[in-house]
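First comes the structure, then the notes that go with it.
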Amino acid sequence: MKQQNRQPWVLVRGAGDLATGVIVRLHRCGFRVVVTECACPSAIRRKAALCEAVWQDTAQVEGVTACCITDAAQAAAVDAAGEIPLIVDEQAACVAALRPAAVVDAILAKRNLGTSRDMAPITVGLGPGFTAGQDVDAVIETMRGHHLGRVIRQGAALPNTGVPGVIAGYAAERVIHAPDSGAMHFVTDAAGNRIDIGALVRAGQMIARVGNTPVYATIDGVLRGLIRAGYPVTRGLKIADIDPRPEQVAFCDTVSDKARAIGGGVVEALLELARERQFKLL
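Numbered per the numbering used here, the sequence shown spans residues 667 to 948.
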């Protein structure tokens, strides 16, 4: 355990479902991971997102547990217990106290929200909004397709198209945005069962309400993502995600193929940069 505590931190900004794929892979590979999040995370794929620890104190995905802490000084004890310390720290101010060897920006905001190369010896950004060689050392491609998970050492990831990747012939139809502003409310189906993540839904079926406005399923499939009940959504916010493949009902609480590929790219980038700079991360 003492040897583990001598390891430097790898700080991951963000703990949504794609960031969680990165966190899980880093943790399993033996990196010492600490995570920062915002105060009101709006993850759609809640059952596969460690940011739920902000709301529930702890969250677990594929056997990896994140524990929400209030101060960076508590991080070492959580890590020693085999869990991931998660701090509500939107600006990553804890960098000064933790002095991480690497910072991975996994916020996926499609723009850089403050990550810079002076935050750590190694910096990695996920997706559009970062330029390798300028604001970070490496960028990981996040767009579905041949280059998903690729490490970019010079330049940027493919630009955001605003259209989700195609799954079983569906793209934009898979994602549902809030038809109005208001609090998110869950509803029940015809049999009286509460509709939540993992439910099989039909196109045109009411799956939730925003305030008093019904939210309807756009296609048949598995409700893979649904923003938490009570969340104050604004009109146009992404609030649900339907996967047209019914067999995916078994995988709603696991890391997705996309998140796992991105996590592999992050591991590659960290090890490559650490080797080049003769820097020990493990």
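Yeah, the Cβ is synthetic: ideal placement off N, Cα and C, and Gly gets one too.
Secondary structure of residue i, DSSP reduced to three states
{"i": "G848", "result": "strand"}
{"i": "V829", "result": "coil"}
{"i": "E756", "result": "coil"}
{"i": "A906", "result": "strand"}
{"i": "A822", "result": "strand"}
{"i": "R711", "result": "coil"}
{"i": "A763", "result": "helix"}
{"i": "R672", "result": "coil"}
{"i": "Q726", "result": "strand"}
{"i": "A798", "result": "strand"}
{"i": "A738", "result": "helix"}
{"i": "L779", "result": "coil"}
{"i": "L792", "result": "strand"}
{"i": "A834", "result": "coil"}
{"i": "A786", "result": "coil"}
{"i": "L774", "result": "coil"}
Range covered by the alpha helix (DSSP H) that runs through residue i
{"i": "K924", "result": "D923 to E942"}
{"i": "I722", "result": "Looking at the sequence provided, one finds Gln at residue 722 rather than Ile. Q722 -> alpha helix (DSSP H) spans A719 to Q722."}
{"i": "A742", "result": "A741 to A746"}
Rounded straight-line distance, which links the Cα of residue j to that of residue i
{"i": "V829", "j": "R672", "result": "44 Å"}
{"i": "L903", "j": "I842", "result": "8 Å"}
{"i": "Q740", "j": "G930", "result": "28 Å"}
{"i": "Q757", "j": "L774", "result": "15 Å"}
{"i": "Y882", "j": "P898", "result": "18 Å"}
{"i": "V770", "j": "L936", "result": "9 Å"}
{"i": "P787", "j": "V832", "result": "37 Å"}
{"i": "L948", "j": "F852", "result": "44 Å"}
{"i": "M872", "j": "L716", "result": "28 Å"}
{"i": "V954", "j": "A865", "result": "Shown here, the chain extends from 667 to 948; a query on residue 954 therefore has no answer."}
{"i": "D836", "j": "Q944", "result": "Note that residue 836 is Tyr in the sequence shown, not Asp. Answer to the nearest angstrom: the Cα atoms are 45 Å apart."}
{"i": "V690", "j": "V932", "result": "11 Å"}
{"i": "L824", "j": "A725", "result": "32 Å"}
{"i": "D755", "j": "R679", "result": "9 Å"}
{"i": "I908", "j": "C918", "result": "11 Å"}
{"i": "I818", "j": "A681", "result": "22 Å"}
Residue interval of the beta strand (DSSP E) (run including residue i)
{"i": "D683", "result": "That residue, D683, is in no beta strand (DSSP E); its alpha helix (DSSP H) goes D683 to R694."}
{"i": "A768", "result": "A768 to D771"}
{"i": "A804", "result": "A804 to I806"}
Cβ distance (whole Å) where residue i is taken to contact residue j below 8 Å
{"i": "P751", "j": "V744", "result": "4 Å"}
{"i": "Y869", "j": "T884", "result": "A small fix is needed here, since residue 869 is Ala in this sequence, not Tyr. That pair is a contact at about 6 Å."}
{"i": "C733", "j": "V720", "result": "The Cβ separation is near 11 Å, so there is no contact."}
{"i": "L889", "j": "I863", "result": "6 Å"}
{"i": "L692", "j": "L764", "result": "The pair is not a contact, with the Cβ atoms about 15 Å apart (cut-off 8 Å)."}
{"i": "A709", "j": "A772", "result": "The pair is not a contact, with the Cβ atoms about 12 Å apart (cut-off 8 Å)."}
{"i": "E728", "j": "T854", "result": "Incorrect: roughly 29 Å between the Cβ atoms, too far for contact."}
{"i": "S847", "j": "T900", "result": "5 Å"}
{"i": "P845", "j": "V876", "result": "6 Å"}
{"i": "T808", "j": "G793", "result": "4 Å"}
Sheet register partners of residue i (DSSP bridge)
{"i": "M872", "result": "Y882"}
{"i": "V701", "result": "V678 and L752"}
{"i": "P891", "result": "The sequence shown places Gly at residue 891, not Pro. DSSP lists D907 as partners of G891."}
{"i": "H843", "result": "K904"}
{"i": "R860", "result": "T854"}
{"i": "L980", "result": "The chain is shown only over 667 to 948; residue 980 falls outside these bounds and no answer can be derived."}
{"i": "V899", "result": "G848"}
{"i": "C706", "result": "For C706, which the question treats as bridged, DSSP gives no partner whatsoever."}
{"i": "T731", "result": "Q726"}
{"i": "V817", "result": "I806"}
Residue i CB to nearest heavy atom of the ligand FAD below 8 Å
{"i": "G877", "result": "For the structure depicted, the ligand FAD is absent and the ligand set is empty, with no information on it obtainable."}
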